[in-house]
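For this note's numbering, add 3 to where a residue sits in the sequence shown, where the first one is 1.
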Amino acid sequence: MNEFLMSSAYFGLFLTMGTYQLGRWINRRAGREVCSPLLFSTAVCCAVLLLSGTEYEVYFQSGADVLEYLLTPATICLAIPLYRQYTLLKKNTAAVIAGCVSGVAVHMLGCLLMLALFKLEAAEYITLLPKSITTAIGKSLSQELGGYPAITMATIMVTGIFGAVAAPVLLKLFRVQEPLAQGLAIGASSHAAGTSKAVEMGDVQGAASSLAIVVTGLLTVLAAPLFAKIG
């Protein structure tokens, strides 16, 4: 099976895009979002690889790597709603900074709590510190501090998918109705994957979440080395 798929230049690409579009189709047919296309695509792709005995490297080299190349420009495109809502965000600079600082602080303290509860080794603890920021920053930061970059990427992915799926429910549960606050909460906790959901929720949410990605990324780069010394 691996040899057959290795001869295909687009297996990984079509599997990923096909399952994602299938998730969107299911939502359209249901008339509401019954499953997250991002979560659905991830789960189906994992199932296909496991059942077929296909190694991840084969999947990645058969077209899925193209999607990784597109990750950076796709993230940059999030600057569009940010530009459109520039006046609103500038007017609420204090709220933006307070929200991002709170998000990073809670994340770092949460990692410290896991360090204490689960008796994590230093490298394992450091691996978790960048899990709530974008992959482009988190992978390099984990490697520089002495963590496990591959596991960091996995935790970033899980965090993002969870944020994209759970954000609407959690915001409703805690009665967070202000669009700016909604966007900041999503961007500060679940980076680009969560921001894709914020963009669907509204222009203000998308812009605030996009800005939160940048601010929390910078704050994490500054804070992580200090917290890493505790481990």
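Ideal Cβ placement from N, Cα and C applies to all residues, glycine included.
For residue i, three-class secondary structure by DSSP
i: Ser-212; result: helix
i: Tyr-59; result: helix
i: Cys-48; result: helix
i: Ile-164; result: helix
i: Ser-105; result: helix
i: Pro-84; result: helix
i: Pro-76; result: helix
i: Lys-142; result: helix
i: Arg-32; result: helix
i: Gln-64; result: helix
i: Leu-132; result: coil
i: Cys-38; result: coil
i: Thr-123; result: The sequence given here has Leu at residue 123, not Thr. It is coil, neither helix nor strand.
i: Glu-203; result: helix
i: Thr-137; result: coil
i: Ile-233; result: coil
i: Tyr-3; result: With the chain covering 4 to 234 only, the question about residue 3 has no answer from this structure.
i: Arg-27; result: helix
i: Glu-181; result: coil
i: Tyr-89; result: helix
Cβ neighbour criterion (16 or more within 10 Å) applied to residue i
i: Pro-76; result: exposed
i: Ala-119; result: exposed
i: Cys-49; result: exposed
i: Leu-92; result: buried
i: Gly-186; result: buried
i: Cys-114; result: buried
i: Tyr-72; result: exposed
i: Ser-105; result: exposed
i: Ala-235; result: Missing from the structure shown is residue 235; the chain here goes from 4 to 234 and no further.
i: Gln-88; result: buried
i: Tyr-59; result: exposed
i: Gly-209; result: buried
i: Leu-53; result: exposed
i: Thr-223; result: buried
i: Tyr-86; result: exposed
i: Ala-157; result: exposed
i: Leu-41; result: buried
i: Phe-230; result: buried
i: Ile-164; result: buried
Beta-carbon separation (whole angstroms), residue i vs residue j, contact threshold 8 Å
i: Phe-14; j: Gly-66; result: 6 Å
i: Ile-136; j: Gly-220; result: 5 Å
i: Ser-213; j: Ala-167; result: Contact doesn't hold; Cβ gap of about 14 Å is too wide.
i: Ser-44; j: Thr-19; result: 6 Å
i: Ala-170; j: Gly-197; result: 6 Å
i: Ile-129; j: Leu-148; result: 5 Å
i: Ala-191; j: Cys-103; result: 5 Å
i: Ile-154; j: Thr-138; result: With a Cβ gap of about 13 Å, Ile-154 and Thr-138 do not count as contacting.
i: Ala-125; j: Gly-21; result: The Cβ separation is near 42 Å, so there is no contact.
i: Leu-183; j: Ala-211; result: 5 Å
i: Lys-134; j: Thr-90; result: Wrong, their Cβ atoms sit about 33 Å apart, outside the cutoff.
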